[in-house]
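Protein chains in written order, with this note's numbering: chain Y, 1 to 116; chain V, 1001 to 1114.
Heads up, the thing below is written out as structure tokens.
Next comes the structure, spelled out in structure tokens:
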């Protein structure tokens, strides 16, 4: 069964350092999402791509976060510099078409970030 | 304020007992409605969804949910819980006035005791 792949699964870093997360969506899925899930809360959308274009990054803290999907396939989310409040699970999801047309997002297992 | 509310942070049920997890939303038009489950160390998996039509929807793993427009609710139910159902459950809505962006509740952690 096809899955959304994410790496690394766990990342511990010190504040002010740079971190990067990688996501490989299910093959053929044109829409890719990055969510942040803070402990005790539900996931919150950071950025949405349609192919290689950003269609929604209204909740992305652009002073320190960046995301790209250069070839419209895999994607990288970067944080520089990391702050203590960035400690969270970063989830990648994909869907064949923009939500909610397909009714389902397929999530990866997430990358858990701890900032010390 | 517009939101998705899951009033129960934790719920503990005995194996074999019935389960109901509550979800309420406060948006203008009826949004698209979803329930996702997140097992430890795993990603979120869709249990079921409601777009329109029959207000009682069936999902995977024996779960069902009922949409009640008058109560702005979309509660998740299962008649007999199994130990493997222990996980965190998220209600999510896609409000039509927000471009159908998926908004999640804070989640309910289900514990199953044997």
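Idealized CB from N, CA, C, for every residue including glycine.
For residue i, report the span of its beta strand (DSSP E) as first-last.
i: residue 1030 of chain V; result: Run containing residue 1030 of chain V: none; DSSP gives neither H nor E here.
i: residue 1109 of chain V; result: 1108 to 1113
i: residue 1010 of chain V; result: 1010 to 1014
i: residue 1048 of chain V; result: 1044 to 1050
i: residue 1061 of chain V; result: Taken as a continuous stretch (DSSP letters only), residue 1061 of chain V belongs to no beta strand (DSSP E), as it is neither H nor E.
i: residue 10 of chain Y; result: 10 to 13
i: residue 49 of chain Y; result: 44 to 50
i: residue 99 of chain Y; result: Looking at the DSSP string, residue 99 of chain Y is not in any beta strand (DSSP E), and its letter there is neither H nor E.
i: residue 33 of chain Y; result: 31 to 37
i: residue 5 of chain Y; result: 5 to 7
For residue i, decide whether its Cβ has a neighbour in chain V, counting only Cβ atoms nearer than 8 Å.
i: residue 42 of chain Y; result: yes
i: residue 113 of chain Y; result: no
i: residue 21 of chain Y; result: no
i: residue 4 of chain Y; result: yes
i: residue 39 of chain Y; result: no
i: residue 91 of chain Y; result: yes
i: residue 108 of chain Y; result: yes
i: residue 14 of chain Y; result: no
i: residue 83 of chain Y; result: no
i: residue 49 of chain Y; result: no
i: residue 105 of chain Y; result: yes
i: residue 46 of chain Y; result: no
Using a 10 Å radius around the Cβ and a threshold of 16 neighbouring Cβ atoms, would you call residue i buried or exposed?
i: residue 1079 of chain V; result: exposed
i: residue 114 of chain Y; result: exposed
i: residue 111 of chain Y; result: buried
i: residue 1089 of chain V; result: buried
i: residue 48 of chain Y; result: buried
i: residue 79 of chain Y; result: buried
i: residue 94 of chain Y; result: buried
i: residue 33 of chain Y; result: buried
i: residue 18 of chain Y; result: exposed
i: residue 8 of chain Y; result: exposed
i: residue 71 of chain Y; result: exposed
Can you find a CB in chain Y that lies within less than 8 Å of the CB of residue i?
i: residue 1042 of chain V; result: yes
i: residue 1046 of chain V; result: yes
For a cutoff of 8 Å on Cβ pairs, would you count residue i as touching chain A?
i: residue 77 of chain Y; result: The structure shown has no chain A; the protein chains it does contain are Y and V.
For this session: With 8 Å as the limit, tell me which residues of the stretch 51 to 74 of chain Y have their beta carbon closer than that to any beta carbon of chain V; keep them in chain order.
Result: So the list reads 56, given in the order they occur along the chain.
For this session: Anything in the stretch 1094 to 1109 of chain V with a Cβ closer than 7 Å to a Cβ of chain Y? List those residues in chain order, please.
Result: 1094, 1100, 1101, 1102, 1104, 1105, 1106 and 1107
For this session: Give, in chain order, every residue of the stretch 1078 to 1095 of chain V whose Cβ lies closer than 7 Å to some Cβ of chain Y.
Result: 1090 and 1094
Problem set entry | Contact residues within the stretch 1061 to 1080 of chain V, judged by C-beta distance below 8 Å to chain Y | none
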